[in-house]
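**Q**
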Amino acid sequence: MKTAVIIGLGLIGGSMALELRKRCGYQIWGIDANAENAQKALALNIIDKIVDYNHITNADMAIVAVPVDIIPKVLQKALNYAGEQTVIMDMGSVKGSICKSVENHPNRKNFVASHPMAGTEFSGPEAAIYNLFDHKVMVFCETEKSDKHLVEKAIEFAQKLNMRIKILSPEAHDRHTAYVSHLSHVSSFMLGKTVLEIEKDEQNIFDLASTGFASTVRLAKSDAAMWCPIFLENRENVLKSLDEYIKNLEEFRTLIQNQEDKKIRKTIKEINYIKKILK
2 MKTAVIIGLG
12 LIGGSMALEL
22 RKRCGYQIWG
32 IDANAENAQK
42 ALALNIIDKI
52 VDYNHITNAD
62 MAIVAVPVDI
72 IPKVLQKALN
82 YAGEQTVIMD
92 MGSVKGSICK
102 SVENHPNRKN
112 FVASHPMAGT
122 EFSGPEAAIY
132 NLFDHKVMVF
142 CETEKSDKHL
152 VEKAIEFAQK
162 LNMRIKILSP
172 EAHDRHTAYV
182 SHLSHVSSFM
192 LGKTVLEIEK
202 DEQNIFDLAS
212 TGFASTVRLA
222 KSDAAMWCPI
232 FLENRENVLK
242 SLDEYIKNLE
252 EFRTLIQNQE
262 DKKIRKTIKE
272 INYIKKILK
């Protein structure tokens with residue numbers, strides 16, 4: 002039976018474990034720095050047993066699903082134990098710093114830099130769900146630096162999860178995700194902050210908030226331990242996206258202040274084009 006070691010047993014790692022077992026028939030071994038999380042994942046039948054890093058040597062696959070600021074250290078350790086045919090994938094939302102951290106590792110060929118464009122606002126082993134990655138995109142970076150057969154194994158795995166494949170440079174990945182992922186989280190966090198600061202009566206928020214507000218601030222429930230490192234690791238791109246976002250907000254504020262009815266309608270109609278892209 003094929004085996005996979007999952008390092009980091011939260012939402013992404015746990016969900017990957019469920020997929021590997023059900024869709025690919027893998028036995029799942031788990032590693033987590035938080036012993037309570039590891040035991041919880043075992044109790045929830047997300048993993049088959051708790052192991053140490055040396056078990057990676059005999060595994061077919063190892064998935065590193067920890068916060069991005071920890072990935073370089075964990076990835077180095079995982080690569081130290083990589084067997085000849087062990088493919089090691091990370092799930093990090095920032096690729097530039099991660100790829101650079103292992104560029105000179107003797108087992109660099111075993112590493113396939115990966116990022117599943119999927120998630121929820123929940124965290125921990127109990128957040129793991131089956132089908133999380135269905136019809137989502139798996140991004141691979143620097144595949145030319147990885148063993149060809151291990152890249153094929155990683156792509157085949159993603160396809161079994163019913164994912165679409167996209168290959169990008171680390172720089173392009175980090176630039177694009179700043180706009181389509183990281184900025185939306187900043188926006189959600191700050192909208193939540195604004196409402197909480199003004200609406201001191203929590204009952205008003207509960208009673209008056211519509212589904213529109215709930216969907217807009219959904220990401221504000223995301224884990225700080227995950228998102229703070231992402232913002233800081235990708236800060237150059239995040240800051241650029243924020244500057245452009247703030248500029249648009251200020252321009253829209255001016256339109257409202259000046260009661261520019263026609264320009265407001267025109268702006269909204271132009272933005273409505275996004276409906277054709279995001280169906």
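For the sequence shown, the working numbering begins at 2 and goes up steadily by one. Beta carbons: idealized from backbone N, C-alpha and C, even for Gly.
1) Run through DSSP, which three-state label would Ser98 get?
2) Contact between the region 192 to 203 and the region 31 to 41: three or more CB pairs below 8 angstroms?
3) Go ahead and pull the three-state DSSP assignment for Ile265.
4) Where do the ends of the alpha helix (DSSP H) carrying Met118 lie?
5) Between Arg22, Val218 and Met90, which lies nearest to Leu151 when the distance is taken from Cα to Cα?
6) Confirm, please, whether the CB-CB distance from Ala159 to Ile166 is below 9 angstroms.
7) Can you give me the C-alpha to C-alpha distance between Ile99 and His116, rounded to a whole angstrom?
8) Under 8 angstroms by Cβ, that's how I've got Arg24 and Leu233 pegged, so tell me the actual separation to the nearest angstrom.
9) Are the CB atoms of Ile64 and Ile7 within a distance shorter than 9 angstroms?
10) When you compare only the Cα positions, how much space is there between Lys154 and Cys229?
11) In or out: His183 buried (at least 16 other Cβ within 10 Å) or exposed?
12) Can you give, in chain order, each stretch of the alpha helix (DSSP H) that sits fully within the region 161 to 192 and has at least 4 residues?
13) Comparing C-alpha positions only, which one of Asp70, Gly26, Pro68 and Ala79 sits nearest to Val52?
14) Helix, strand or coil: which one does DSSP assign to Val196?
15) Say the cut is 8 angstroms; is the CB of Met90 nearer than that to a heavy atom of the ligand ADP?
16) Quick one: grab the DSSP three-state call for Ala63.
17) Give me whichever residues DSSP pairs with Val218 in a beta bridge.
18) Compare the beta carbon distance of Ala39 and Leu10 with 9 angstroms and say whether it is the shorter of the two.
19) Apart from the five residues on each side of it in sequence, which residues of its chain come closer than 8 angstroms, Cβ to Cβ, to Arg109?
20) May I ask which residues mark the beginning and end of the alpha helix (DSSP H) holding Ile247?
21) Could you please give me the residues that DSSP links to Ser3 through a beta bridge?
22) Per DSSP, what kind of secondary structure is Ile130 in: helix, strand or coil?
**A** For this structure:
1) Note: Ser98 maps to helix in three-state DSSP.
2) No, the region 192 to 203 does not touch the region 31 to 41.
3) Here Ile265 sits in helix by DSSP.
4) Premise fails: Met118 is in no alpha helix (DSSP H) and is neither H nor E.
5) Selected option, being the one with the closest Cα: Met90.
6) Yes, Cβ-Cβ distance for Ile166 and Ala159 is below 9 angstroms.
7) Each residue's Cα considered, the two are about 11 angstroms apart.
8) Actually they do not touch by this definition, with Cβ atoms about 34 angstroms apart.
9) Yes, these two residues count as a Cβ contact at 9 angstroms.
10) So the two alpha carbons sit approximately 32 angstroms from each other.
11) With 16 or more other Cβ atoms within 10 Å, it is buried.
12) Qualifying alpha helix (DSSP H) stretches, in chain order: 171 to 178.
13) It is Ala79 whose Cα lies nearest to the Cα of Val52.
14) DSSP, reduced to helix, strand and coil, places Val196 within a helical segment of the structure shown.
15) Ligands displayed in this structure: none; no statement on the ligand ADP is therefore possible.
16) Looking at Ala63 - three-state DSSP - the assignment turns out to be strand.
17) Answer is none; Val218 lacks a bridge partner.
18) Between Ala39 and Leu10, the CB-CB gap stays under 9 angstroms.
19) Leu80, Val103, Lys146 and Ser147.
20) That run of the alpha helix (DSSP H) goes Arg236 to Gln258.
21) One point to set straight first is that residue 3 is Lys, not Ser, in the sequence displayed. None, per the DSSP bridge assignment.
22) Three-state result, Ile130: coil.
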